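*Asks:*
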């Protein structure tokens with residue numbers, strides 16, 4: 001966050017994306033469900049899956 005000259009506090013666009021909650025459908029043990037995580041967690045999970053050669 002930063003202050004502009006009027007004293008209002010505004011979120012930086014990068015921070016908004018980092019903390020945005022993203023809901024995705026997943027299949028776990030053959031059962032479809034949904035999971036809500038912050039975008040930063042999804043990014044990390046994608047990186048881990050890619051390194052292990054598996055799908056997210």
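In my numbering, the protein residues as written are 1 to 56. Glycine is no exception: its CB is placed at the ideal position from the N, C-alpha and C atoms. Since this is a predicted model, take the numbers as computed values, not measurements.
(1) Quick check on residue 56: does DSSP put it in helix, strand or coil?
(2) Among residues of its own chain, excluding the 5 on either side of residue 49, which ones have a beta-carbon nearer than 8 Å to its beta-carbon?
(3) Suppose you measure from the CA of residue 45 to the CA of residue 29; what does that come to, to the nearest Å?
(4) Output needed for residue 22: all residues of its chain with C-beta closer than 8 Å, excluding positions within five of it in sequence on either side, in chain order.
*Replies:* Quick look at the numbers:
(1) Translated into the one-based positions of the chain shown, residue 56 becomes position 56. If DSSP states are grouped into helix, strand and coil, residue 56 belongs with coil.
(2) Position 49 of the chain shown, counted from the start, is the residue given in the question as residue 49. Here the set comprises 55, 56.
(3) If you number the chain shown from 1, residue 45 lands on position 45. If you number the chain shown from 1, residue 29 lands on position 29. Going by the C-alpha atoms only, they are around 18 Å apart.
(4) For the purposes of this step, residue 22 is taken as the residue at position 22 of the chain shown. If we look at residue 22 and ignore the five residues flanking it on each side, its Cβ neighbours are 36, 37, 38, 39, 42.
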